[in-house]
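Notes follow once the structure below has been shown.
Residue numbers (this note's numbering): 80 to 235.
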């Protein structure tokens, strides 16, 4: 298992959830929710600042792939966001399949007694925690980092 903090990113149309792992890659915890900046780069700039402050090993961006395995408009949006991150920072950016992370996050918050109206502000963070935790668990089980590493020089 590689040592180092991972920063997880759950990309939504209105918000981006962030979560991080501990240095040993055992546990993921929420960081914050960032408003999307669809006309500028304030969202990417803020995430880059968080990644630098945490001295992350890599950034993990969840790809919302359809249950059928097909890419959707949301998948393309997340890929484009990941590419923007990859070109804005020297830290490696990895994309991973995050099917059902938001559904799992809603279920976890409901089971904890949180109403939909009150958990809107944290749902993206919880989804990012699920993305990071699944990535950590997969790497620990196989010894191989899952997903695909983006090359900022190649484009999409």
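From the three backbone atoms N, C-alpha and C, an ideal C-beta is built for every residue, glycine too. Remember, it's a predicted structure, so these values are computed and weren't measured experimentally.
{"Asked": "Excluding the 5 residues preceding and the 5 following residue 103 in the sequence, name in chain order all residues of the same chain whose CB lies nearer than 8 angstroms to its CB.", "Found": "80 and 82"}
{"Asked": "Taking a contact to mean a Cβ-Cβ separation below 9 angstroms, would you say residue 106 touches residue 204 in this structure?", "Found": "no"}
{"Asked": "If you check the beta carbons only, do residue 224 and residue 137 fall under 9 angstroms apart?", "Found": "yes"}
{"Asked": "Can you tell me where the alpha helix (DSSP H) holding residue 153 begins and where it ends?", "Found": "152-167"}
{"Asked": "Relative to the C-alpha of residue 111, which residue among 125, 117, 119 and 118 is closest?", "Found": "125"}
{"Asked": "Just verifying my parser: in three-state terms, what is the DSSP assignment at residue 216?", "Found": "helix"}
{"Asked": "With H, G and I counted as helix, E and B as strand and the rest as coil, what does DSSP make of residue 133?", "Found": "helix"}
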